[in-house]
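Below is one structure; the comments refer to it alone.
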C-alpha cells in the first residue's frame, strides 16, 4: 500500500525548502527525549528532505548561542552551552543555628578583641577547634587582626563589620557589659575579680577610635 | 552598613552585555519544560541582569523558527512551532479524553472566572458533578480562586497557567472570542427575574448577587 | 392533555415529530432541561436572539408529554422546567394583569432566551478552545528538560542574645539559666548622662532634648521611650549639678536644655 502511494507523493510534492527543513530538524531535536539519528530525522520529515544538510545549517545557526546542536555518536541533539551550566543550578539556602562552641568563641572574640587563640582557649577553658575558627572566618564574622607583640607574635582575631551588621551593633563596645548581663539575669555569680570588662563605663571621647584599640579596655 | 556595601558590589560586577543575557535566558528556557517566570530568570542570572529586556530580543530571534519563545501568564517558555506538530507523532501524548461536561465547565471557568460552582450550574442548567471539577483540578487546568464576598463566601474557580500553556494562550484575555462574548453581554451574570426555576443545584444565596468580577479581570 | 389535542395544538410538522422522537430515545444524553431546550430550539432554525420562547415552551411540553406516554422517567429537573414553562406559556398568552406582581411573561421569556444564548455561546467557546493548537498535540515542550541542580548552601545564624548568653556562660562557668528580660531596649541614665555631658559642651544654644537621643534609638518606640526617659533624667541631673539649664514653654511643649555658661548667668 505505502509502496503504491510513495512514488506518487514524490512526484506530487517537492521537498520543502532547506530553511523549512532546518526548522523541522530544530523542532524535532528540541522536542525529542533522546538524540535523533539522521536516518530517523529523514524518516520523520517529508519525503525528499535532507536532514544531514539541514543539520549543517542548524548547527551553524546555533553557534555561539545559549543552546548548541551537538553530535552524540551518530545522533544529534540540542544541549545548553556548557559555559552556561552555572545557570542550571539553584542555590537553596538553609539557615542553621550556630553551634555553642562557635557562639562562645565568637563572643570571646567580640568582647576581648584583638584576642589570640591561646587567650580564647584560656577564657573558654577548652581548646578551640580549627573548624570553629574556620567557620567564623568563612562567615566573615571574624578576621585576623594585628599580630600580638608577644613572643611568637601570635595572630589575633577581631570581629568584622559584617558581624556588627548582623547583630545590629554600631561598635563592638555597644555589646552589653558584664554588669548589664548580670542585671539582665544572664550572670549569676560574681566573676573572678579582674576579668570584668568595663564596657560602657569608659568616657565617650574614645568612641571614634578603632576597634583594635579596644584591647586596652579589657586588659586590666 | 549593607548600604555601604551594595553600591560597591554593583560597580564591581557589571551586568553582562544584553547579548549575553539573551544567551542565558535562551539556555534557561531551553532547559526547562515548564514555563519560567521573569523573576526566576532574574534570580538565576547574574546580578544586574534584566531578563525582561533579554526576552524581547530572544523572542524576536526565534520568530519563524521551528521553536518559539512564548509567553504564558507571567512566565516564558520555548515551544515547537504549531505548524510542525505533524512531525511529532512520536512525542504526542495521548491526552485524557474530557467529557462534554468537563469541557463546558472548563470553558465557563475560563470565560467567567472567578466563578462559583453555583454560577457554573446556573449557566449549564445542571449540577456540576464533583468528578468533573476534580478532574479539572487534577489536570491542573483550574484552581481555587479567592472566595466570593457574598453570603456563604463560596469558593471560586479560576484557570491556571498550565491551562494557558496547554492552549497556547499568553493570558486569559486572549481566549478566543472573549471580546465578542463580552460585547454581546453573554459574560454578564444576569440575575434571573424571580420565579425562574433554579436548575441544577440546591438554591444558593449568592445566586441573586450581581457579580461583575469577570468584566474587571479582562478589562485592558 | 390528550395526544390528539396536543398534536393539533402544537401543530408539529412531521420533521419536528421525528426530532422529538429521536430526542426521547436519547433522553439520557441530555445535560439537563436547558440542554434539551437548546436542542429543541434548533428545530426553529433561527438565531437564538429571535427565538420564539412560546413555541419552544410548547415543544418542551410536548416532549415531556411524550416521555410520560412512553413511561420514561424524567428527572425532577425536567418536570420543574415543564411546570415553569407551562406557567410562562400562560403568561405569554394571556393579556397582562396589572394587579399581578413580579416580572412579566416577556421578561421571563427574555431571560430564558439569554440563558440559552449564553449556554450556546459557552459551547461554541469550548469548541474553539479545544480546537486550538495544544501542548503535547500540536506544539511541544523540551523533550529532555535539564533539571536544575539544587545546591544546598547553609547559612548559620545567631542572635545577639545567643552571643551574650554564650559569653555569660563562659564567665560564670555555670550552666546557663534561660532568661526573658530584654535589656536591648533599655538605655540607662548613666549612659544618657555620659552622652549628654559630652555633647552639651558644644551647645550654648537651647536645644530640644530629643536631639540628644543616641543614634539608633529614635525610631523603635520602646527604645525611644527608654532613651527619652534616661536623657530627661540625665538633663535634670546636669541641672542639679549646675552644669545645664532646662526649660519648657508650656505643658507638652518641647523640653530644651543648654549648657550653663558663666556668661549666661
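Chains as they are written, first to last, in the working numbering: chain A, 1 to 220; chain B, 1001 to 1220; chain C, 2001 to 2265. Using N, Cα and C, we set each Cβ at its ideal position, and we do this for glycine too.
Residue(s) in a DSSP beta bridge with residue i
i	result
residue 1077/B	1070/B
residue 2256/C	2208/C and 2247/C
residue 2135/C	2139/C
residue 1130/B	None; residue 1130/B has no bridge partner.
residue 2156/C	96/A
residue 2215/C	None; residue 2215/C has no bridge partner.
residue 90/A	2150/C
residue 1157/B	1115/B and 1144/B
residue 36/A	76/A
C-beta neighbour in chain B for residue i, strict 7 angstroms
i	result
residue 167/A	no
residue 56/A	no
residue 14/A	no
residue 106/A	no
residue 49/A	no
residue 24/A	yes
residue 128/A	no
residue 2122/C	yes
residue 84/A	yes
residue 52/A	no
residue 110/A	no
Nearest neighbour of residue i, chosen from the options [CA to CA]
i	options	result
residue 1121/B	2031/C, 2082/C and 2193/C	2031/C
residue 70/A	43/A, 95/A, 38/A and 97/A	38/A
residue 2215/C	2256/C, 2172/C, 2228/C and 2206/C	2228/C
residue 85/A	77/A, 67/A and 101/A	67/A
residue 1171/B	1113/B, 1043/B, 1061/B and 1032/B	1113/B
residue 1026/B	1100/B, 1046/B and 1058/B	1058/B
residue 2060/C	2168/C, 2108/C, 2219/C and 2081/C	2081/C
residue 2037/C	2101/C, 2211/C and 2120/C	2120/C
residue 2226/C	2250/C, 2184/C and 2196/C	2184/C
residue 1126/B	2238/C, 2035/C, 2249/C and 2243/C	2035/C
residue 2152/C	96/A, 162/A and 22/A	96/A
residue 2090/C	2171/C, 2077/C, 2101/C and 2105/C	2105/C
residue 2240/C	2156/C, 2260/C, 2048/C and 2014/C	2260/C
residue 2155/C	149/A, 63/A, 143/A and 135/A	135/A
residue 2107/C	1190/B, 1022/B, 1023/B and 1020/B	1190/B
Cβ of residue i within 7 angstroms of any chain C Cβ
i	result
residue 1120/B	no
residue 1079/B	yes
residue 1062/B	no
residue 172/A	no
residue 88/A	yes
Residue i classed as buried or exposed, judged by whether at least 16 other C-beta atoms fall within 10 angstroms
i	result
residue 2094/C	exposed
residue 2033/C	buried
residue 2099/C	exposed
residue 1017/B	exposed
residue 1219/B	Model confidence at residue 1219/B stands at a pLDDT of 38, short of 50, so the residue's coordinates are unreliable and nothing is read from them.
residue 2109/C	buried
residue 2205/C	exposed
residue 2219/C	exposed
residue 2115/C	buried
residue 1179/B	exposed
residue 2045/C	exposed
residue 1129/B	exposed
Nearest-angstrom beta carbon gap, residue j and residue i [assumed within contact, 8 angstroms]
i	j	result
residue 2126/C	residue 1106/B	7 angstroms
residue 1168/B	residue 2135/C	7 angstroms
residue 156/A	residue 140/A	Incorrect: roughly 17 angstroms between the Cβ atoms, too far for contact.
residue 2149/C	residue 89/A	5 angstroms
residue 15/A	residue 49/A	5 angstroms
residue 154/A	residue 118/A	7 angstroms
residue 1035/B	residue 1165/B	6 angstroms
residue 104/A	residue 2166/C	4 angstroms
residue 2138/C	residue 1197/B	The Cβ separation is near 42 angstroms, so there is no contact.
residue 2244/C	residue 2193/C	At roughly 11 angstroms, the Cβ-Cβ gap does not stay under 8 angstroms, so residue 2244/C and residue 2193/C are not in contact.
residue 1032/B	residue 2142/C	7 angstroms
C-beta neighbour in chain A for residue i, strict 7 angstroms
i	result
residue 2167/C	yes
residue 1028/B	yes
residue 2150/C	yes
residue 2230/C	no
residue 2175/C	No answer about residue 2175/C holds up, because its pLDDT of 43 lies below 50 and its placement is not dependable.
residue 2146/C	yes
residue 1067/B	yes
residue 1044/B	yes
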